[in-house]
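Q:
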Amino acid sequence: MVVGGSQLPWSFDFPCVRAAAEPSRADLSQMISQTADVLGIEAPSMEKVQVTDRTLGAGYGQPTEGVWQALRTIAGREGVVLDPVYTGKAAHHLLTATEFEPDVPIVFVHTGGASGLFGYAPEATRSLTPNE
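Numbering-wise, the sequence shown is residues 1 to 132 according to my numbering.
1. Would you say glycine 57 and aspartate 83 are within 8 Å of each other, going by their C-beta atoms?
2. If distances are taken between C-alpha atoms only, which option among Val67, Val49, Ala121 and Ser45 comes closest to serine 24?
3. How many angstroms separate the CA atom of proline 105 from the CA atom of serine 11?
4. What did DSSP end up calling glutamine 69 once you bin it into helix, strand or coil?
5. What residue does the beta strand (DSSP E) around threonine 35 start on, and which one ends it?
6. Exposed or buried, which one is leucine 8 when buried takes at least 16 other CB atoms within 10 Å?
7. Beta-carbon within less than 8 Å of glutamate 42's beta-carbon, same chain only, minus the 5 sequence neighbours each way: which residues are those?
8. Quick check: what's the CA-CA separation for aspartate 103 versus histidine 110?
9. If I follow the unbroken alpha helix (DSSP H) through valine 85, where does it start and stop?
Okay, structure coming up:
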């Protein structure tokens with residue numbers, strides 16, 4: 001995504017779901033370089049790439065209350081089901097971010113994973129069932 005979008009006036013904001021920001025940024029930088037090598041082009045700068053772990057919580061596969069709130073919000077507003085491991089953490093990041101420019105379009109890439117919700121059935125039932 002960064003390699004392909006590097007010629008566009010885009011910036012990239014990646015919330016971590018597996019590890020802290022610094023090692024994740026290093027991994028991403030390496031993947032960008034490897035992708036550019038395969039394509040035979042110069043790797044783009046990481047200048048327009050932000051990597052944050054502010055919605056990581058206790059770690060991989062451990063959703064926070066903010067993640068469950070994001071799942072409820074996106075499902076209620078858009079009718080889109082997210083998983084609590086990847087897209088839920090990304091949605092939580094998106095919904096709570098303050099650094100985005102108000103008039104700049106945002107693209108949220110939903111990569112799937114909704115079936116992962118079933119691995120969290122008891123917690124999902126408690127967190128996603130409307131309170132009467």
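All C-beta atoms, glycine included, are put in the ideal place defined by N, C-alpha and C.
A: On the basis of the data shown:
1. The count along the sequence shown starts at 1 and reaches residue 57 at position 57. The count along the sequence shown starts at 1 and reaches residue 83 at position 83. At a Cβ-Cβ threshold of 8 Å, glycine 57 and aspartate 83 do not count as neighbours.
2. Along the sequence shown, read from residue 1 onward, the residue named residue 24 stands at position 24. When each option's Cα is compared against that of serine 24, the closest is Val49.
3. Residue 105 sits at position 105 when you count from the first residue of the sequence shown. Residue 11 sits at position 11 when you count from the first residue of the sequence shown. Those two C-alpha atoms are separated by around 11 Å.
4. Here the question's residue 69 lines up with position 69 in the sequence shown. Under the three-state reduction of DSSP output, glutamine 69 falls in the helix class.
5. Against the sequence shown, residue 35 aligns to sequence position 35. Threonine 35 -> not in any beta strand (DSSP E); alpha helix (DSSP H) instead, spanning 21–39.
6. Reading the sequence shown from its first residue, position 8 is the one you call residue 8. By the neighbour-count rule (16 or more Cβ atoms within 10 Å), leucine 8 is not buried but exposed.
7. As a first step, residue 42 is located in the sequence shown; it is residue number 42 there, counting from the start. Cβ contact annotation for glutamate 42 (same chain, cutoff 8 Å, sequence separation greater than five): Ala36, in chain order.
8. Taking the first residue of the sequence shown as 1, we reach residue 103 at position 103. Taking the first residue of the sequence shown as 1, we reach residue 110 at position 110. Straight-line Cα distance between these residues: approximately 22 Å.
9. Residue 85 sits at position 85 when you count from the first residue of the sequence shown. Judged by DSSP secondary structure, valine 85 falls outside any alpha helix (DSSP H); it is assigned neither H nor E.
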